[in-house]
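This report concerns only the one structure given below.
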Amino acid sequence: MIIVLRPKASKKEESAVLAEIRRLGYRPHAMRGVARTVIGAIGDERTHHTLETLTALPQVESVMPIQKRFKLVSREAHPANSTITLPNGCVIGGKEIVVMAGPCSVESEKQLMITAEAVAKAGAKVLRGGAFKPRTSPYEFQGLGEKGLKLLAKARKQTGLSIITELLSEDHAEMVAEYADVLQIGTRNAQNFQLLIAAAKTGKPVLLKRGLAMKIEEWLLAGEYILSNNNPGLMFCERGIRTFETYTRNTLDLSTIPIIKKESHCPIVIDPSQGAGRADLVVAMCKGAAAMGVDALLIEVHPNPKEAWSDGAQQLTLEGFAQLMRDLKPFAAAAGRS
Ligand code: PEP
Ligand code: MN
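Here is the structure:
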């Protein structure tokens, strides 16, 4: 930690700060400049008391951390990329840009099976589909629940795709983990820490969406809840954040790809469907993400988006998805991926 004193702090006030730093278990190192004194406090904040309480002293101007608050998700802790292998053998974080595709919500056996067959044929490796849906309004379709999970399991058996589905509540952790190969934590629950712990404890890989208004450091710290509960299967998923812009549903922050790659060893996934909320923008955002080094894409696909029970405007048709897979190839190749 770096502690900056106010310009007119007296010798006595400086000594008081030094004594307080020692009392909290750190070694202080004062650097006296012409205008002010800056103190470096040496010690690991993760094992000592926080030094942020020093801001309460009137002679202290600011307290700044020099060590990152996240550790297990950080590249420092694990310099090589982490990979996550799913039951069907597909590897997230490896050479292939893994495509996870399927409907926003599981609606019926027919809708799911048609979609699963089509996305598998086009090259997707993972089937997505919500059985428990986090809807803004309680009057909107809430998902088929366990019946939807059973349909996902059936689709897996029929197509060989792995399954990703959202875990909405701690109460369902065991049940959802029984069916799913990857647990999705939605944007609205990205800082529901008890849910994160429950998800981690199932032992299933976890896809952690970025919260609607979440800073990247907060997202990394939320990921820390997964790894620190002995679950190494964490992937981050950017799905757009709230900004002043209303032209798109959310603002997809593609800068998270190089940032997560720099700060963390965990795979980064992009969800362009929630990202813009518009089917016509999905292809361009996938191409950009592929070029920038994304590890996987999470894409909504529906046999008849106009009739979808949720997120109709952003879902690709089956043909649209097959075309996207063809369009994506040269971008993946240019990035040294398949
Ligand atoms: C979804 O994937 O359908 C979904 C609800 O995602 P998010 O949590 O990103 O809104
Ligand atoms: Mn959706």
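Following the numbering used here, the residues of the sequence shown are numbered contiguously, the last one being 536. The beta-carbon is built from N, C-alpha and C at its ideal position, and this holds for glycine as well. As the structure is a prediction and not an experimental result, all values here were calculated from the model.
Kindly indicate the opening and closing residues of the beta strand (DSSP E) around residue i.
i	result
residue 593	Only positions 199 to 536 of the chain appear in the structure, and residue 593 is not among them; the question remains open.
residue 494	494–498
residue 435	432–436
residue 222	Neither: residue 222 is in no beta strand (DSSP E) and is coded neither H nor E.
residue 271	Unbroken run through residue 271: none, as it is neither H nor E.
residue 407	404–407
residue 486	Looking at the DSSP string, residue 486 is not in any beta strand (DSSP E); the run it does join, the alpha helix (DSSP H), is 480–490.
Let me know if residue i comes out buried or exposed under the rule of 16 or more other beta-carbons within 10 Å of its beta-carbon.
i	result
residue 440	exposed
residue 453	exposed
residue 305	buried
residue 247	exposed
residue 409	buried
residue 240	exposed
residue 224	buried
residue 229	exposed
residue 231	exposed
residue 176	The chain is shown only over 199 to 536; residue 176 falls outside these bounds and no answer can be derived.
residue 506	buried
residue 447	buried
Can you grab the Cα-Cα spacing for the pair residue i / residue j, in whole Å?
i	j	result
residue 425	residue 280	12 Å
residue 354	residue 258	60 Å
residue 403	residue 371	13 Å
residue 217	residue 203	14 Å
residue 252	residue 412	27 Å
residue 533	residue 294	10 Å
residue 486	residue 471	14 Å
residue 455	residue 207	44 Å
residue 498	residue 509	9 Å
residue 431	residue 395	13 Å
residue 339	residue 309	16 Å
residue 520	residue 502	15 Å
residue 442	residue 451	14 Å
residue 209	residue 215	10 Å
residue 512	residue 226	55 Å
residue 473	residue 301	15 Å
residue 316	residue 272	37 Å
residue 199	residue 460	22 Å
residue 522	residue 322	11 Å
By DSSP's criteria, residue i is part of a beta bridge. Which residues make up the other side?
i	result
residue 326	362
residue 380	362
residue 232	Its beta-bridge partners do not exist; DSSP assigns none.
residue 240	225
residue 282	290
Please go through the same chain and pick out, in chain order, the residues whose beta-carbon is closer than 8 Å to the beta-carbon of residue i, but skip the five residues on each side of it.
i	result
residue 467	290, 298, 405, 433, 434, 435, 436, 492, 493, 494, 495, 496
residue 278	463
Let's see if you can read the secondary structure: which residues bound the alpha helix (DSSP H) around residue i?
i	result
residue 260	Here residue 260 belongs to no alpha helix (DSSP H); instead the beta strand (DSSP E) covers 258–262.
residue 293	Taken as a continuous stretch (DSSP letters only), residue 293 belongs to no alpha helix (DSSP H), as it is neither H nor E.
residue 301	Residue 301 -> no alpha helix (DSSP H), and no H or E assigned at all.
residue 313	307–320
residue 350	344–357
residue 421	414–425
residue 468	Residue 468 -> not in any alpha helix (DSSP H); beta strand (DSSP E) instead, spanning 466–468.
residue 532	516–532
residue 456	454–461
Once the 5 residues before and after residue i are set aside, which same chain residues still bring their CB inside 6 Å of it?
i	result
residue 393	368, 387
residue 458	434, 466
residue 381	365, 397, 402, 404
residue 361	325, 350, 354, 378, 379
Quick one: does residue i have its CB under 8 Å from some CB of chain D?
i	result
residue 505	Looking at the structure shown, chain D is missing, and only one protein chain is on hand.
I'd like the list of long-range same chain contacts for residue i, defined as Cβ closer than 7 Å, with 5 residues on each side in sequence excluded.
i	result
residue 265	243
residue 343	329, 330
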